[in-house]
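Chains as they are written, first to last, in the working numbering: chain Z, 658 to 1017; chain R, 658 to 1017; chain X, 658 to 1017; chain A, 658 to 1017. One structure is given here, and the rest of the page talks about it.
Number of protein chains: 4
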Amino acid sequence: MENVQNPLKVGVVGAGYWGPNLARNFVNSSDWELKAICDQDMTRAEDLARKTGSPAVVGSIGALLENHDIDAVAIATPARTHHAIAMQALSAGKHVLVEKPLADNRRSGMEMVAAAEASGAVLMADHTYCYTPAVMKIQELICEGELGEILYIDSVRINLGLVQPDVDVFWDLAPHDLSILDFILPGGLASATVSAQGADPLHSGKSCVGYLSLPLANGALAHIHVNWLSPTKIRQMVIGGSRRTLVWDDLNPQQRISVYDRGVTLGDSRDRQEDATIRKAAAINYRLGDTWSPALPEYEALGKMVGEFAASIREGRSARTDGRAALRVLSVLEAASRSLARGGRRSQVSGSELLLEKAI
Amino acid sequence: MENVQNPLKVGVVGAGYWGPNLARNFVNSSDWELKAICDQDMTRAEDLARKTGSPAVVGSIGALLENHDIDAVAIATPARTHHAIAMQALSAGKHVLVEKPLADNRRSGMEMVAAAEASGAVLMADHTYCYTPAVMKIQELICEGELGEILYIDSVRINLGLVQPDVDVFWDLAPHDLSILDFILPGGLASATVSAQGADPLHSGKSCVGYLSLPLANGALAHIHVNWLSPTKIRQMVIGGSRRTLVWDDLNPQQRISVYDRGVTLGDSRDRQEDATIRKAAAINYRLGDTWSPALPEYEALGKMVGEFAASIREGRSARTDGRAALRVLSVLEAASRSLARGGRRSQVSGSELLLEKAI
Amino acid sequence: MENVQNPLKVGVVGAGYWGPNLARNFVNSSDWELKAICDQDMTRAEDLARKTGSPAVVGSIGALLENHDIDAVAIATPARTHHAIAMQALSAGKHVLVEKPLADNRRSGMEMVAAAEASGAVLMADHTYCYTPAVMKIQELICEGELGEILYIDSVRINLGLVQPDVDVFWDLAPHDLSILDFILPGGLASATVSAQGADPLHSGKSCVGYLSLPLANGALAHIHVNWLSPTKIRQMVIGGSRRTLVWDDLNPQQRISVYDRGVTLGDSRDRQEDATIRKAAAINYRLGDTWSPALPEYEALGKMVGEFAASIREGRSARTDGRAALRVLSVLEAASRSLARGGRRSQVSGSELLLEKAI
Amino acid sequence: MENVQNPLKVGVVGAGYWGPNLARNFVNSSDWELKAICDQDMTRAEDLARKTGSPAVVGSIGALLENHDIDAVAIATPARTHHAIAMQALSAGKHVLVEKPLADNRRSGMEMVAAAEASGAVLMADHTYCYTPAVMKIQELICEGELGEILYIDSVRINLGLVQPDVDVFWDLAPHDLSILDFILPGGLASATVSAQGADPLHSGKSCVGYLSLPLANGALAHIHVNWLSPTKIRQMVIGGSRRTLVWDDLNPQQRISVYDRGVTLGDSRDRQEDATIRKAAAINYRLGDTWSPALPEYEALGKMVGEFAASIREGRSARTDGRAALRVLSVLEAASRSLARGGRRSQVSGSELLLEKAI
């Protein structure tokens, strides 16, 4: 049905690492028409244009907004430039898609969200993982209650990474985990506090190894391990639930998701007479059931993501990974930086209730 | 040579879970003669005796010490009973081997160490992992400088575990990791502080999921993840070094240890003119070299351990995992409990310098 | 119920590699009383006796049969001695359990089966794998139709093995795979022919690398790869069915059995007009469903096996892995040797219909 | 140096599954200029052209050869059309690259090779695997003698594959394994005979499960397992050598190649007095050494392949995977088909000595 509509027109800003992926997905989508590539490095932009059906090439965001009839702008430039480019696009009345992180600080992110809400435009973060078949299945399973209450989440995202000149390992890698948590947790990323432990054993001036602890509701805990110095690559998230536990191993294409019907439960023991300690122990039950790995559909997450961008514009609604979701991620990252500066003490996650509430 | 000596005589106290393993290894060792099994449950003791060449069976530590001509006592009873049994054996002039943890609190451990040193007896903790082929190889590689400076250590020890009635997950599982760190780190377990994050999502009254952060010298960090609620079993330790990084996967018998000649280094950049941030980034070098997995000898760790117990007695020296090593482990565990009670704040690891110093 | 019966009395012949495992399981079973250990090497026999509750020790099968009141004999000696020992025991009226292979040639095996049937004694082969939780589950799933029709079976059993002085890799390793096939296939090991390919690249005088192909009913095929020269150990069997496909990876304790609801089917295409080739292609359907891994109970296979030995004696029936099952395995091995000698040509599997028919 | 030369001009025939990969690599190579895309389906060709810098689009090989100034033709059409297209291109004086297999029968392949040699043109098969970092490293290690003498090769290539309308599983998958063997074996694919076992349990009219045995020099054996019906995907080759054994697991990006310094050797035992069997056994030695995994460079194999195509044209020499190499692969495939038709009997691999000799 949507295909009978005229495609939306988009310009991609940034032809470096990520921009070509966005451009390719806009080209392959019937929802979109790629009108222009924008990069200060015109050669790079032209090279990309040649492989994407020869859209126009421009050297500045100003030129893009002035000369081309576009509905939306997709920004794939360094994080510190997101705010300026997005604000310019929003004030020109364009819908805006921004590569993660939304901005390099929370204040900038708040301005972007406010500007978008004022203008009625869609502001969306490219939290790509939230559009993968695996994460969409996880969200669905949690939502349907298959895992029961969440007891703990342990995420590991480590590899030999490029030590970045401007951000530490938390700001580089943890946005992935945080945006996923925000998407799959029924209440979104609602931790009131965060503790961060980091190490800079190379004396590079910023953490290369990091651990985040996020207390969740009901005594549950989320923990994230990010690391640029690991020679092996691990992308694994364990989501322990009161009914079942899910393990997502993103580097195992043959079995990305395993749902274990194993666990520990505390039984009802109100009528017992023993002292509390023993009573609790006695009432613990083990469940050693089957393992199940759901078949996942195969599609490219970015294709799904540009589809959601188009749908949210056409339906006049918030996108799944909208500016507010991205702001919740920024709020945790800023609180983590404060915790790190204070030796790992729990730090409050700031946030206006309005902005941080997840629409359900 | 040692075989021409008369074997030492030992009594095993506790015929439950671990005692049979100790008894079997004493029987198979030419250093030892198993003289008696001691357990309040005489049936259990007799059952064990039948499978270990029919040593004597006694029902109390008093009876063991009075009626049998033994050199040493091996204690495999619940942790809360270690102190009383060990003190009784030490005051009877026996050498003492204690299953981990040495005691259920640091004060008791200090008394045990002091009593052993006063009597000149060997007090040794059965930190079994320190006698495995894998850990002995790791210690050797670190000692020889193959890994360079230690940058970080990340240990994961998770499985669906028996929720214990009397201890939390830290006291149950982390002694393994801590005793290994104490053994493989050149300066022993010398962290001045520890931070602990725990979760009790089952509301069992104690942590079932836990994380420990231990700052090491030179900005390095050790981190330990222990978890009773994981449906999958993981036993993995990553030791990042300035020269190479080692991954120990204890559940992969075909390649337990992998040494990666990959990493990140900061080069010399003193003559550069740029501002500090850029300069650092510019001087980072990546190394993507080969992986090497050393062949490990095959032997049972407990056999090695009872051999070390005999050798330390005969040579009148401290055992490799002696009472002081065990006390360093207890000190970290107690500090972790304090950190946990204070919401994860860094807690000082107590210790008299005398007791906590590792002999080299 | 069975525990109220008096235990059966058994003597174990052979205290070398496998005998101690049998002895230990007889001792731990309430069905059995271990009366004697028999080995020409009396020191070895005495050493085993000390660890198994001190049964009698004898130096010959004659002494065992004359002097001890036993119901059954368990034989764990080299294969070439099985026939003589078993025949002696059977003629003395004893029930007999024999370590695999039943004998070192088919004729000897037939004599043993005939002797047992004449005397009414139980003759059973210790095909241990058939008593493991994994194989019992596989048999159950096939029997219940969960896999549908069997399309192919591919078994790999390779490792760095001891090159045997007297047998080739087929006779050493393939009895495991063949006995498993005999157990799990509804009609037993009913291949009419077998082809064998072998290699002796070390010029040791016998095959160290081998491949067996066994055509099954309805165009299906079983294939077995056995190899003494592989540095990595693999124990994997894939059982492709028309409904589902099962993969058994015996070295993955966390997921030994995986059942894949994936496959290829040919649809009904009778009313199509195209030529045969295109029609067939058009009617092929792919199914990409979930994966399921059943929880397996935990027990020691040998304990189950000695229990079946006792039950078959008490109930006067054939044991699950009786002499005839073992004979079917020998028949395939002999046919494989003939195929090997003839350059891999298909060789008929001999067998009297009476002896080779599997009782259902 | 080569970059200063004018790029060679190429037309790609076939814009279906594989053609876009070839086109993309020609576009990204400084050795090549992509001049035209040729496909009977002009829409498909135009779609590909839009993503590859907009070369010309033609609907027939005739139009391509008549109207465009090209040096070479790259053919990515169904196998049965390779011969006609390649002969047309060769007779027009073009160099020709052909997707594997070179042709759908050996006779056609011989004509292509003869035509290319007569015209002096380069005829090359796109045996892509031979240009991967892994296979190039394997070839290098064997060539340098790191593995010693080859004892056995076991290759497994199984997955849930598209049952092809026109070819069986041998012709679909085994060309990969055979072309790799031809490349890595010092003497090329020189097996004099081949045996094939196949199964068609779906009654589709052709084998879906297949096994090939290829005796090699000195008692060694190569074995290939190809399978369209496996729910799990395996791409593994074990190459056992007298010095070391190499395992290539192509689906393990973190450790594709492992070299095991483990093995079995027969020692010198000429002066022993025992009978032959025992003597052999006594002289067997086991080696349980380290494992080593070489770092592999990262590049796209197809990029390397089009580079080799250009280099062989410019240097007037045979390409690494030239027509003769492809013909050796076809000869084995045809012999395998004959073996299959004769129940697995060994079948002679035909070949004129001239054509089948590998240039060294």
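Where is the CB? At the ideal position from N, CA and C, for every residue including glycine. Source: prediction; values computed, not measured.
Worksheet entry | For His784(X), three-class secondary structure by DSSP | One-based indexing of the third sequence puts residue 784(X) at position 127. Of the three classes helix, strand and coil, the one that applies to His784(X) here is coil, per DSSP.
Worksheet item: Is it the case that the Cβ atoms of Ser852(Z) and Gly1001(R) are separated by a distance below 7 Å?
Response: Position 195 of the first sequence holds residue 852(Z). Position 344 of the second sequence holds residue 1001(R). In this structure, the beta-carbon distance from Ser852(Z) to Gly1001(R) falls below 7 Å.
Discussion item. Tell me the residue span of the alpha helix (DSSP H) that contains Ser996(X).
Written reply: Along the third sequence, one-based indexing puts residue 996(X) at 339. Per DSSP, Ser996(X) belongs to the alpha helix (DSSP H) from 980 to 998.
Worksheet item: Does any residue of chain A bring its CB to less than 7 Å from the CB of Ala853(X)?
Response: Counting from one through the third sequence, the residue named residue 853(X) turns up at place 196. No, because no Cβ of chain A sits closer than 7 Å to the Cβ of Ala853(X).
Fill in: Where Gln912(Z) meets chain X, residues with beta-carbon distance less than 9 Å
Counted from its first residue, the first sequence places residue 912(Z) at position 255. The contacting residues are Gln912, Ser915, Thr948.
Fill in: Between the CA atoms of Asp829(X) and Ser687(X) - distance to the nearest angstrom
For the purposes of this step, residue 687(X) is taken as the residue at position 30 of the third sequence. For the purposes of this step, residue 829(X) is taken as the residue at position 172 of the third sequence. Cα to Cα, the separation comes out at about 32 Å.
Practice prompt. Please name the residues in the region 705 to 719 of chain R whose beta-carbon is closer than 9 Å to at least one beta-carbon of chain X, in chain order.
Written response: The residues in question are Arg707, Lys708, Thr709, Gly710, Ser711.
Worksheet item: Quick one: complete alpha helix (DSSP H) runs, 4+ long, within the region 805 to 835 of chain R?
Response: The region 805 to 835 of chain R contains no whole alpha helix (DSSP H) run of 4 or more residues.
Worksheet entry | Between the CA atoms of Phe966(Z) and Ala720(Z) - distance to the nearest angstrom | Working through the first sequence from its first residue, we reach residue 720(Z) at position 63. Working through the first sequence from its first residue, we reach residue 966(Z) at position 309. Separation of Ala720(Z) and Phe966(Z) (C-alpha to C-alpha, rounded to the nearest whole angstrom) is 23 Å.
Worksheet item: Can you give the Cα-Cα distance for Asp761(X) and Ser1007(X), rounded to whole angstroms?
Response: For this step, residue 761(X) is matched to residue 104 along the third sequence. For this step, residue 1007(X) is matched to residue 350 along the third sequence. Near 16 Å, if we compare the C-alpha coordinates of Ser1007(X) and Asp761(X).
Worksheet item: So, is the C-beta of Ala938(A) closer than 7 Å to a C-beta in chain X?
Response: Working through the fourth sequence from its first residue, we reach residue 938(A) at position 281. Confidence at Ala938(A) is low in this model, with a pLDDT of 48, below 50, so its placement is unreliable and the value that follows should be read with caution. Yes, contact with chain X.
Worksheet item: Buried or exposed: Thr700(A), going by 16 or more other Cβ atoms within 10 Å of its Cβ?
Response: By 1-based counting over the fourth sequence, the position of residue 700(A) is 43. Answer is exposed; the Cβ neighbour count stays below 16.
Fill in: Contacts that Pro843(A) makes with chain X (C-beta to C-beta distance below 8 Å)
By one-based count along the fourth sequence, residue 843(A) stands at place 186. Ordered by position in chain X, no residue passes the 8 Å Cβ test against Pro843(A), which lies about 16 Å from the chain.
Item to complete: Please state if the CB of Arg913(X) and the CB of Ala772(X) are separated by a distance shorter than 7 Å.
Response: Counting from 1 along the third sequence, the entry for residue 772(X) is found at position 115. Counting from 1 along the third sequence, the entry for residue 913(X) is found at position 256. No.
Worksheet entry | Proximal residues of chain A, C-beta to C-beta of Asp857(X) below 8 Å | Within the third sequence, residue 857(X) is the residue found at index 200, counting from 1. Listed by position along chain A, the residues whose Cβ is nearer than 8 Å to that of Asp857(X) are Gly876.
Fill in: Per DSSP, the bridge partner or partners of His880(Z)
Here residue 880(Z) is taken as the residue at index 223 of the first sequence, counted from 1. Note: His880(Z) sits in a beta bridge opposite Asp811(Z), Ser870(Z).
Worksheet item: Short check: CB of Ser887(A) to CB of Asn942(A), under 7 Å?
Response: Here residue 887(A) corresponds to residue number 230 of the fourth sequence, with the count starting at 1. Here residue 942(A) corresponds to residue number 285 of the fourth sequence, with the count starting at 1. Taking the C-beta atoms as reference points, Asn942(A) is found no nearer than 7 Å to Ser887(A).
Worksheet item: Taking the alpha-carbon positions, what's the Leu804(Z) to Gln1005(Z) distance?
Response: Within the first sequence, residue 804(Z) is the residue found at index 147, counting from 1. Within the first sequence, residue 1005(Z) is the residue found at index 348, counting from 1. Linking Leu804(Z) to Gln1005(Z) through their CA atoms gives a straight-line distance of about 28 Å.
Worksheet item: For the region 805 to 831 of chain X, which residues have a beta carbon sitting closer than 9 Å to at least one beta carbon of chain A?
Response: Result list: Glu806, Ile807, Leu808, Tyr809, Asp811, Val813, Ile815, Leu817, Gly818, Leu819, Val820, Gln821, Pro822, Asp823.
Fill in: Contact list for Thr889(X) against chain R, beta-carbon separation under 7 Å
Here residue 889(X) refers to the residue found at position 232 when the third sequence is read from its first residue. The contacting residues are Gln911.
Worksheet item: Going by Cα to Cα distance, which pick from Trp885(A), Phe840(A), Trp949(A) is closest to Leu903(A)?
Response: Position 246 of the fourth sequence, counted from the start, is the residue given in the question as residue 903(A). When each option's Cα is compared against that of Leu903(A), the closest is Trp949(A).
Worksheet item: Under three-state DSSP, which class holds Thr934(A)?
Response: For this step, residue 934(A) is matched to residue 277 along the fourth sequence. Because the pLDDT at Thr934(A) is just 41, under 50, the model does not fix this residue reliably, and the value given afterwards should be weighed accordingly. Thr934(A): helix per DSSP, three-state reduction.
Worksheet item: Given Arg944(Z), which residues of its chain have a CB within under 8 Å of its CB, disregarding the five upstream and five downstream residues?
Response: Counting from 1 along the first sequence, the entry for residue 944(Z) is found at position 287. Apart from the 5 residues on each side of it in sequence, Arg944(Z) sits with its Cβ closer than 8 Å to the Cβ of Asp918, Arg919, Gly920, Val921, Thr922 in its chain, given in chain order.
Worksheet item: With a cut-off of 8 Å, do at least 3 Cβ pairs link the region 862 to 881 of chain A to the region 791 to 800 of chain A?
Response: Below 8 Å, too few C-beta pairs join the region 862 to 881 of chain A and the region 791 to 800 of chain A to call them touching: fewer than three.
Worksheet entry | Closest residue to His739(R) among Leu754(R), Pro858(R), Val820(R) (Cα-Cα distance) | One-based indexing of the second sequence puts residue 739(R) at position 82. Closest by alpha carbon: Leu754(R).
Discussion item. Just to confirm my understanding: we take Leu987(Z), look at its own chain, exclude 5 residues before and 5 after, and list those with CB closer than 8 Å. What are they?
Written reply: What you label residue 987(Z) is simply residue 330 of the first sequence in a count that begins at 1. Pro758, Leu759, Ala760, Asn762, Arg763, Gly766.
Fill in: Proximity to Pro858(R) [Cα-Cα], best of Leu808(Z), Ile837(Z), Asp906(Z)
By one-based count along the second sequence, residue 858(R) stands at place 201. Proximity to Pro858(R) across Leu808(Z), Ile837(Z), Asp906(Z) peaks at Leu808(Z), based on C-alpha coordinates.
Fill in: For Asp907(R), the nearest candidate out of Arg707(R), His833(R), Pro712(R) (CA to CA)
Taking the second sequence and counting its residues from 1, the one referred to as residue 907(R) is at position 250. Looking at the Cα atoms, His833(R) is the closest of the given residues.
Worksheet entry | Identity of the residues DSSP links to Glu690(R) by a beta bridge | To locate residue 690(R), count along the second sequence from 1; it is residue 33. Looking at the DSSP assignment, Glu690(R) forms a beta bridge with Lys666(R).
Item to complete: Spell out whether any CB of chain A is found under 7 Å from the CB atom of Ala791(R).
Response: Position 134 of the second sequence, counted from the start, is the residue given in the question as residue 791(R). Contact with chain A is absent for Ala791(R), since none of that chain's Cβ atoms lies less than 7 Å from the residue's Cβ.
Worksheet item: Taking only beta-carbon atoms, is Leu798(R) less than 7 Å away from chain A?
Response: To locate residue 798(R), count along the second sequence from 1; it is residue 141. It does not; no Cβ of chain A falls within 7 Å.
Worksheet item: The beta strand (DSSP E) spanning Ala617(A) covers which residue range?
Response: Residue 617(A) lies beyond the range of chain A shown here (658 to 1017); nothing can be said about it.
Worksheet item: If you measure from the beta carbon of Pro951(X) to each beta carbon in chain Z, is any gap under 7 Å?
Response: Position 294 of the third sequence, counting from 1, holds the residue named residue 951(X). True, the Cβ-Cβ gap to chain Z drops below 7 Å.
Fill in: Buried versus exposed, by CB contacts within 10 Å (16 or more), Gly980(A)
For the purposes of this step, residue 980(A) is taken as the residue at position 323 of the fourth sequence. Here Gly980(A) is buried: its Cβ has 16 or more other Cβ atoms, across all protein chains shown, within 10 Å.
Worksheet item: Would you say Val714(X) and Ile694(X) are within 7 Å of each other, going by their C-beta atoms?
Response: Within the third sequence, the letter at position 57 stands for residue 714(X). Within the third sequence, the letter at position 37 stands for residue 694(X). Contact: yes.
Worksheet item: Who are the neighbours of Gly1001(Z) on chain R, taking C-beta pairs under 8 Å?
Response: Counting from one through the first sequence, the residue named residue 1001(Z) turns up at place 344. Result: Ser852, Ser870, Gly1001, Arg1002, Arg1003.
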